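Some notes on the structure that comes next.
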Amino acid sequence: MANRITTRCDIMLFGAMGDLAQRKLFPAFYQLERAGLLADGSRILAIARRELDTAAVRKHLMERLEKYVKPEEFERPVAETFLRRVEYQILDFHDEEGFGVLNSWRTEYDNQLIVYLASPPSMYGVIARNLSSASCCTENTRVVVEKPIGHDLESSRVINDELGAVYSESQLFRIDHYLGKETVQNLIALRFANNLFASQWDQNHISHVEITVAESVGIEGRWGYFDKAGQIRDMIQNHMLQLLCLIAMDPPADLSADSIRDEKVKVLKALRSITPDMMDTCVVRGQYAAGASTGKPVPGYLEEEGANNRSETETFVALKVEIDNWRWSGVPFYIRTGKRLPEKLSQIIIHFKPAPHYIFDPDQRHLANNKLIIRLQPDEGMSLKILTKDQGLHKGMRLRQGPLELTFSETFEAERIPDAYERLLWEVMKGNQYLFVRRDEVEHAWRWVDRIIQNWNDGGDPPKRYASGTWGPVASIAMITRDGRSWYEDA
Ligand code: BG6
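In the numbering used here, the protein residues as written are -10 to 480.
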């Protein structure tokens, strides 16, 4: 990543025994250790309710690291060094007096304090208040919170108010882990370091944009959470709208957090609200039925463990989104995301308009649009589809579409691409907020998404079923076909 930092950090990790911490956060810290990026003297206090002690937690974490770190990246001596930084503290998050012990830990050294709330968001307020009454916060404390921030605009405001009562906005690091992905950050480089694209990036040159974030997995035993959220709250309100903002925003004046976030907010404000009469043409929701995933039979959503078999929660959403501003007027953004689709694939396709006057074989007119395909995962890279003359004497001026290809792993012999959480933790330690979401972004995104949910609640059609292992309900294909277009499948 970058040069090591010398700031010694103390990290209080709430919810340390939960799935997120074990699966993502500890492996990410381990990788920072492996890369030599944790300053000597940095410590982690793992905080949870479970009756355990430090030795037992370290042993347990060693097993988790062995499980979640790729075998070729697992180095036992590094893991041992890392785990020596970890101490364990039993704590009931409602026990105000119990927080005193955290203050004693914090004041042992004069390290930069980072509080990471990997607990359910309903606990954020009480933890923040108890930390404050135990004098655990200074104005330098950084606080990291996970999504979801609420389940609608109103509840997100409550959470933001609770956090805001104790911390200033400049102390809050709201995570959307998509912003930590190398390829997502690369959108900023692609757009604002290449004048070639800057001059083409608007309604004069682009006909439409597609964003697909597909997953082959189902809900992975998370019924309790997912059934209340659904794909619109789980993926659209955050990751998908963030991707859309990075593609659609105007150039920021600089790379500072607020310059970037100001531009993203302008996009969110310009999203055309989806009214009830637009639901049939602009919104498709689906729910996976039984089918096959990566060659194996899998159950439908309603047959998942713990399922309520009358649930109408969506596991797939496709939307046609319009942005009402000068740059994007008349350029639809087709976005779709779903579980149990044929493969794990996140990609953005920019479809350019054809040249103003066409002089080639009329039969080949369908080839005429350039496309920029940005592959976020897997096989990170990009490909620009351009037209050339087909080679050979007998081909005349027949056209051929071919890629200008950039595959990061091959072209740059890229070193290992860090996981999003490694990048985000590293940025928190450095105090950079540009990869984190500001309060107004969260709230504008909710305001827009709430309208769609409201339309569903006011008597919209139930989700359309799609077989696991397919690209979602046929209605999502019809949605784009009606406009004379199709989803780009890089077959
Ligand atoms: C999470 C969602 O935020 O992102 C999950 O809660 C989803 O449902 C995950 O599976 C996808 O992230 P990634 O990095 O695997 O694309």
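For glycine and all other residues, C-beta sits at the position ideal for the given N, C-alpha and C.
Predicted model only: the values in this text are computed from it and were never measured.
Run of the beta strand (DSSP E) containing residue 371, from where it starts to where it stops: 370 to 378
Neighbourhood of residue 373 by C-beta, 6 angstroms cutoff - its chain only, sequence neighbours within 5 removed: 361 and 393
Sequence-distant residues of its chain with Cβ nearer than 7 angstroms to residue 125 (five each side left out): 88, 91, 92 and 95
Residue of 364, 147, 55 and 155 minimising C-alpha distance to residue 128: A check of alpha carbon separations from residue 128 across 364, 147, 55 and 155 identifies 155 as the nearest.
Cα-Cα separation, residue 484 to residue 65: Outside the modelled stretch of the chain, which goes from -10 to 480, sits residue 484, for which no answer is possible.
Simplified DSSP state of residue 480, which is helix, strand or coil: Low local confidence applies: a pLDDT of 34 at residue 480 is under 50, so the model's placement there is unreliable, with the coordinate-based value given in what follows. Reduced to three states, the DSSP call for residue 480 is coil.
Buried versus exposed, by CB contacts within 10 Å (16 or more), residue 172: By the neighbour-count rule (16 or more Cβ atoms within 10 Å), residue 172 is buried.
Same chain, Cβ closer than 7 angstroms to residue 347, five either side skipped, listed in chain order: 354 and 357
Residues of its chain near residue 236, where Cβ-Cβ distance is below 7 angstroms and the 5 sequence neighbours each way are ignored: Answer for residue 236: 176, 198 and 337, listed in chain order.
Beta-carbon spacing of residue 326, residue 225 below 9 angstroms: yes
Within 9 angstroms, strictly: CB atoms of residue 108 and residue 210: no
beta-carbon residue 204 near the ligand BG6 non-hydrogen atom, thresh 8 angstroms: Within the cutoff, so yes.
Three CB pairs or more closer than 8 angstroms across the stretch 176 to 192 and the stretch 127 to 146: Taking 8 angstroms as the limit for Cβ pairs, the verdict is that the stretch 127 to 146 does not touch the stretch 176 to 192.
Close Cβ partners of residue 479 (< 8 angstroms) along its chain, the five nearest in sequence each way excluded: Bear in mind that a pLDDT of 45 at residue 479, under 50, signals an unreliable position, so the model cannot answer this.
Residue from 192, 8 and 1 with nearest C-alpha to residue 319: 192
Contact the stretch 140 to 160 vs the stretch 431 to 444: 3+ CB pairs below 8 angstroms: yes
When 274, 425, 106 and 130 are compared against residue 228, the one with the closest alpha-carbon: 425
Per-residue burial, residue 386 [other beta carbons within 10 Å of its own, 16 or more giving buried]: exposed
is_contact[residue 278, chain C] using C-beta, thresh 9 angstroms: Here there is only one protein chain, and chain C is not present.
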